[in-house]
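Have a look at the structure below, then the notes.
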Amino acid sequence: MSPRAVDHESPDRLYTVTRGRAQAEDNVVDIVALVVAESEPAPGMQSEHVRILRMCRRPTAVVEIASELRLPVSVVKILVRDLLGAGSISLRTPPASQARADLPDPGILKQVLVGLEKL
497 MSPRAVDHES PDRLYTVTRG RAQAEDNVVD IVALVVAESE PAPGMQSEHV RILRMCRRPT
557 AVVEIASELR LPVSVVKILV RDLLGAGSIS LRTPPASQAR ADLPDPGILK QVLVGLEKL
């Protein structure tokens, strides 16, 4: 393993990148959410934030950003949350609640199964 690869996984580095935060304040950022840059990087901006903004000129999934930056998804979620709070990005979250709403009620499915078994 190269020294550079080890540096990216260093707990000290991750602590610095996230400014000591272990997780984003809420669950707004889904790993499959698409991140879209809404502004250009600003002078003095953290290097990881700059890279995210440049990567996300086209919609890019949070998990893809983590892979490209070689950072844990949990760290990327914190960084994305920072950019979202600053208005630098927008998120396009898959409509998971809509997908779940389209599923049939489990109770009805059980009744159908019992009925089929009785046939």
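Residues in the sequence shown are numbered consecutively from 497, following my numbering. Note that beta-carbon positions come from the ideal geometry of N, C-alpha and C, so glycine has one too.
Between the Cα of I548 and those of S570, I585, G603, D526, spot the shortest distance and give me the residue it belongs to. Closest by alpha carbon: I585.
Distance, Cα to Cα, G611 vs G603? Here the alpha carbons of G603 and G611 stand approximately 12 angstroms from one another.
Buried or exposed (CB count within 10 angstroms, at least 16 for buried), K573: K573 is buried by the Cβ-count criterion.
Since S586 sits in a beta bridge, which residues does DSSP pair it with? As computed with DSSP, S586 is found in a beta bridge with V532.
Helix, strand or coil for A538? Go by DSSP, reduced to three states. In the structure shown, the three-state DSSP call for A538 is coil.
Identify the continuous alpha helix (DSSP H) that holds I548 and give its terminal residues. Counting along the chain, I548 sits inside the alpha helix (DSSP H) bounded by residues 543-551.
Around the C-beta of A582, are 16 or more other C-beta atoms found within 10 angstroms, so that it is buried, or is it exposed? A582 counts as exposed, since fewer than 16 other beta carbons sit within 10 angstroms of its beta carbon.
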